[in-house]
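Reading through the structure tokens given below for one structure.
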Amino acid sequence: MEPLVYVVGHKHPDTDSICSAIGYARLRQLQGLTGVTAARAGNLNRQTEFVLKHLVVDVPPLLTDVSPRVRDLVRSPAVTIGGETPLAIVLEQLHHHDVRLLPVIDEEQRPQGLMMLKRAAEGFLLPSDESASRRVLTSLAALQECLQGRALNSIDDRKLEELELYVGAMAFESFAERVAHCDPRRLLIITGDRQEIQAHAVNLGVRVLVITGGGTISPELLTMARQKQVTVLSTNFDTATAAWRARLSTPAHCLMERNCPTVGLLDCREDLRLKLLHGGCPGVLVLDSAGKVTAVATKSDLLVETPLKLILVDHNELSQAVTGADRVEILEVIDHHRLGNFHTEKPIRFINQPLGSTCSLVASLYRQAGLEPEKECAGLLLAGLLSDTVLLKSPTTTDIDRELASWLGELAQLDPQNFGQEMFAAGSVLSAYESTEQLILSDFKEYRAGERLFGVGQVEVVGFEEFHGIKQALRQELADLRQRRGMSAAGLLVTDIVRETSLLLADGEADLPYRIGYPELEPGLYELQDVLSRKKQLVPHLLKVLQG
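Residue numbering for the sequence shown follows UniProt numbering, starting at 1 and increasing by one per position.
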């Protein structure tokens, strides 16, 4: 399966996260990386929606969970058998397909059980007790299939029966003596062209008479067999082979493992792993959405490398990444934030620079590669840069950001200031959000300060009037969010991009007002003069005061 590489930002994507993902995916495509595409890990905010619509760029596909699925692990369709398949055919299938497990299915391909090589091989083993070695558990239909026989007369061939096998390869007197004390209706007699033994078997009314070497019986004897309800089969096998194959005519459903665990194609690899390790069965049946068997998974499938891989942009902490990111291979990280607690199994490309936006970093990578982004892509990178630097006013803004904004504006044929103001105006309407929860979570990030977990969302506005009208509802939503997620504090940074100042609405533990160090305008509402950047101004301060 061809690997699929998703370039994706964090769970609550802002404009920089979305635009850097699209821009970097395009760069890697130009550099020859196959199967790479941009994606998003959450819903778009209004500002990002405006940008994509204005630049006529498709919305990236949504990834909600990239955890490896069972469908990513199974490599080939299952070789299946029916419940009536005789053991001889089972062994042939196991050998021919070089497998150890065969799913047993019904007519609708639904699972009945699992046939294992170990149990099938036990059919070769002869019991030390002679009487036990004669016992054959079979149906006449399975016996006929196993012997590749032709039914000269067949009676009730689907019933499962325990028969006693005798071979008529001796003098008639010895044969008659051997079967004299047996129940005729349980006898399975195998003989060749021995008319006297054939006649005696029919006269006794045995359950089955097998004629080997392609032989047959006389019309008179066949008529008597019908009267006595004796099933007569003819096989081309010789007597020795027929006797051996008759012992292997037991249907699969008599030997299969019935309590076999199952998983769906869309189930997580972890579900499969637990069933393989603790299910008490060497294999797990894989079912499609209709409940039909499609494959058998074994422990070796857990070692299969999953085709889906990730490139993370605008974040480097797994707590902010799409669900399941810790279970797939991460190829690269492109970011401008502080380093989190991030580990990989092998070396990766990790680029982290103190720039105002991830889009700035992506734009600089275009330059390093000697490439220019196309017009639409340049517009996207400009949008992400202007968004994260708040029109180049944020303290995170560097001279490199300013120079890149001018370069990208020329390529995109956009005036950075005019485009940026349109962009912020489109995204500043708080009432446009469907709920206060959506407003807070549209750009919400969690952090850890020692043992304390806290989270901060951010929205940009033009004036605080609308915010004051809904702050009570926002206050209650922050309290609920903090309780649901077990955080020490939860806040919303509301930034006025015109006045270049912010308000912080926060809900926290009792000592938060004393720790936070900002002027408190009213309970839970703090004034943050000249604070525009959550990353560079607010979060470092909160990490310090909450950890102390």
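Built from N, CA and C at the ideal position, the CB exists for glycine as well.
These numbers come from a predicted model, not from an experiment.
Margin query: If you reduce the DSSP assignment to three classes, tell me which class A120 lands in.
Written below: helix
Check: So which of M115, E145, V66 and Q537 has the shortest CA-CA distance to L255?
Finding: M115
Next item on the list: Taking 8 Å as the cut-off, decide whether the C-beta atoms of L453 and G486 are in contact.
Entry: yes
Next item on the list: Let me know the beta strand (DSSP E) ranges lying completely inside the stretch 265-341, each 3 residues or longer, listed in chain order.
Entry: 284-287, 293-297, 308-313 and 329-335
Margin query: At a threshold of 7 Å, does Q320 count as lining the ligand NAD (C-beta to nearest heavy atom)?
Written below: No copy of the ligand NAD occurs in the structure displayed, which carries no ligand at all.
Check: For I197, which option in R185, R186 and I211 has the closest C-alpha, if you only look at C-alpha atoms?
Finding: I211
Check: Where does residue 553 sit, in a helix, a strand or coil, going by DSSP?
Finding: The requested residue 553 does not occur in the structure, where the chain is confined to residues 1 to 548.
Margin query: Quick check: what's the CA-CA separation for E520 versus N341?
Written below: 33 Å
Item checked: Opening and closing residue of the beta strand (DSSP E) in which A171 lies -> Element bounds for A171: n/a, residue is neither H nor E.
Notebook entry, point to check: From this set, L380, S300, D72 and D496, which residue's C-alpha is nearest P60's C-alpha?
Noted result: L380
Item checked: Minimum C-alpha distance to S154 - residue among V136, E162 and S234 -> S234
Next item on the list: Kindly list the residues whose CB is nearer than 8 Å to the CB of V263, restricted to its own chain and excluding five residues on each side of it in sequence; keep chain order.
Entry: V70, D271, L272, K275, V284, L285, V286, L287 and A297
Checklist line | Distance CB(T85)-CB(A252) smaller than 8 Å | finding: yes
Next item on the list: Label A78 either buried or exposed according to how many other C-beta atoms from any shown protein chain fall within 10 Å of its C-beta, with 16 as the threshold for buried.
Entry: buried
Margin query: In the DSSP output, what is M115 paired with across the bridge?
Written below: L102
Check: What number of angstroms, rounded off, separates the C-alpha of residue 601 from the C-alpha of G279?
Finding: A query on residue 601 cannot be resolved here, the shown segment of the chain reaching from 1 to 548 and no further.
Margin query: Which same chain residues end up closer than 7 Å to H337 when comparing Cβ atoms and leaving out the 5 residues on each side of it in sequence?
Written below: H315, N316 and K535
Item checked: Own chain, CB closer than 8 Å to residue 549, minus 5 neighbours either side, in chain order -> The structure shown does not extend to residue 549, since the chain spans only 1 to 548, so no value can be given for it.
Next item on the list: Pick helix, strand or coil for Y366, following the three-state DSSP scheme.
Entry: helix
Notebook entry, point to check: If we count the other Cβ atoms within 10 Å of its Cβ and call it buried at 16 or more, is E460 buried or exposed?
Noted result: buried
Notebook entry, point to check: Using the C-alpha atoms, what's the distance from V66 back to G324?
Noted result: 5 Å
Next item on the list: Kindly indicate which three-state DSSP category A41 falls into: helix, strand or coil?
Entry: coil
Next item on the list: Measure the C-alpha to C-alpha separation of L411 and H54 and round it to an integer number of angstroms.
Entry: 16 Å
Next item on the list: Give a yes or no on whether the C-beta atoms belonging to P163 and L187 are separated by under 8 Å.
Entry: The amino acid occupying residue 163 in the given sequence is Leu; Pro does not appear at that position. Contact: yes.
Notebook entry, point to check: Can you check whether the CB of E465 is closer than 8 Å to the CB of S431?
Noted result: no
Check: Where do the N-terminal and C-terminal ends of the beta strand (DSSP E) with Y526 fall, by residue?
Finding: L525 to L528
Check: What separation, rounded to the nearest whole angstrom, lies between the Cα atoms of I400 and I311?
Finding: 24 Å
Notebook entry, point to check: To which residues of the same chain is Q537 closer than 7 Å at the C-beta, ignoring the five residues directly before and after it?
Noted result: P395 and V531
Check: Using the C-alpha atoms, what's the distance from H96 back to A321?
Finding: 46 Å
Next item on the list: Classify R178 as buried or exposed, calling it buried when 16 or more other Cβ atoms lie within 10 Å of its own Cβ.
Entry: exposed
Item checked: Per DSSP, the bridge partner or partners of A489 -> F454 and G508
Checklist line | Integer Cβ distance of residue 550 from V90, believed to fall under 8 Å | finding: Here the chain comprises residues numbered 1 to 548, so residue 550 is not present and cannot be evaluated.
Notebook entry, point to check: Residue ranges of each beta strand (DSSP E) run of no fewer than 3 residues wholly in the stretch 346-391, ordered along the chain?
Noted result: 349-352
Notebook entry, point to check: Can S139 and E173 be called in contact, C-beta distance under 8 Å?
Noted result: no
Item checked: Boundaries of the beta strand (DSSP E) in which N153 is found, first to last residue -> R150 to N153
Check: So, S488 versus D496, is the Cβ gap smaller than 8 Å?
Finding: no
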